[in-house]
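Presented below is the structure to which this report refers.
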Amino acid sequence: SLAAATAERGRLCVGIDPHPAMLPPLFGAPGPEAAARWGLALVERCAGKVAVLKPQAGLFERWGAKGMAALEQVCVAARQADMLVILDAKRGDIGSTADGYAEGYLGAGASCPCDAITVNPYMGIDTIEPFVSVAEKQGKGVVVLARTSNPGSQDFQAKLVDGEPRYLHVARALQPMV
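Heads up, the sequence shown is in our numbering, so the first residue is 7 and it goes up one at a time.
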């Protein structure tokens with residue numbers, strides 16, 4: 007569990023964000039192979055010292071199928087090293103699409119296994135329900151963004167609704183799911 011892992015190894019969550027311009031040359035030319043080598047090296051260095059890794063899905067997805075394979079390698083290695091994986095994907099969609107994302111990352115047969123996934127609730131609570139349902143069945147988690155730190159979050163997340171910021175309304179709407 008998250009509580010047990012962080013009690014044992016601390017609350018540090020290591021992000022794995024393979025920005026092409028920031029991949030160390032030691033791992034090769036920027037691309038999916040370098041991202042995989044770099045991510046696996048991070049997993050190796052963090053094993054036994056860090057409770058949680060958080061790979062950023064979009065930075066792997068930019069390279070298509072090879073990028074997804076790299077992401078899968080990193081997630082599998084982290085799980086084999088007894089680390090929890092929070093996939094930073096910020097997914098959120100309707101109906102069967104949300105079901106697909108939920109099963110693809112949290113389901114029993116997920117090829118890119120993670121212990122939790124970030125989701126975006128701004129299309130409505132129904133867009134995160136499939137994630138919560140699959141997570142409950144699999145003993146996994148869902149991290150719901152309510153307010154982000156980027157400057158543009160002011161455009162919608164912090165706008166007043168009934169005298170309070172919208173993100174507080176989002177957080178309250180999620181309480182029955184907790």
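Cβ atoms here follow ideal geometry from the backbone N, Cα and C, with glycine treated the same way. What you are looking at is a predicted structure, and each value in this text was computed from that prediction instead of being measured.
| Nearest to residue 5 by alpha carbon, out of 85, 129, 82? | In the structure as shown, the chain begins at 7 and stops at 184. Residue 5 is therefore absent and cannot be evaluated.
| query | By DSSP, does residue 151 sit in helix, in strand, or in coil? | reply | For the purposes of this step, residue 151 is identified with residue 145 of the sequence shown, where counting begins at 1. If DSSP states are grouped into helix, strand and coil, residue 151 belongs with coil.
| Rounded separation between residue 131 and residue 34 - CA only | By one-based count along the sequence shown, residue 131 stands at place 125. By one-based count along the sequence shown, residue 34 stands at place 28. Going by the C-alpha atoms only, they are around 42 angstroms apart.
| message | Measuring alpha carbon to alpha carbon, tell me which residue in 50, 71, 90, 140 is nearest residue 209. | response | This structure leaves residue 209 out entirely; the chain is present only between 7 and 184.
| Per DSSP, residue 123 is paired with what? | Translated into the one-based positions of the sequence shown, residue 123 becomes position 117. DSSP lists 93, 148 as partners of residue 123.
| said: Need the endpoints of the alpha helix (DSSP H) that residue 80 sits in, please. | reply: In the sequence shown, counting from the first residue as 1, residue 80 sits at position 74. Boundaries of the alpha helix (DSSP H) around residue 80: 70-86.
| Across which residues does DSSP place residue 61 in a beta bridge pair? | Translated into positions along the sequence shown, residue 61 becomes position 55. BP columns for residue 61 point to 22.
| field | Supposed close pair residue 22, residue 80 - CB separation, criterion 8 angstroms | value | By 1-based counting over the sequence shown, the position of residue 22 is 16. By 1-based counting over the sequence shown, the position of residue 80 is 74. Contact flag correct, Cβ pair sits at about 6 angstroms.
| On the three-state DSSP scale, how would you describe residue 176? | Counted from its first residue, the sequence shown places residue 176 at position 170. For residue 176, the secondary structure class from DSSP, reduced to helix, strand or coil, is helix.
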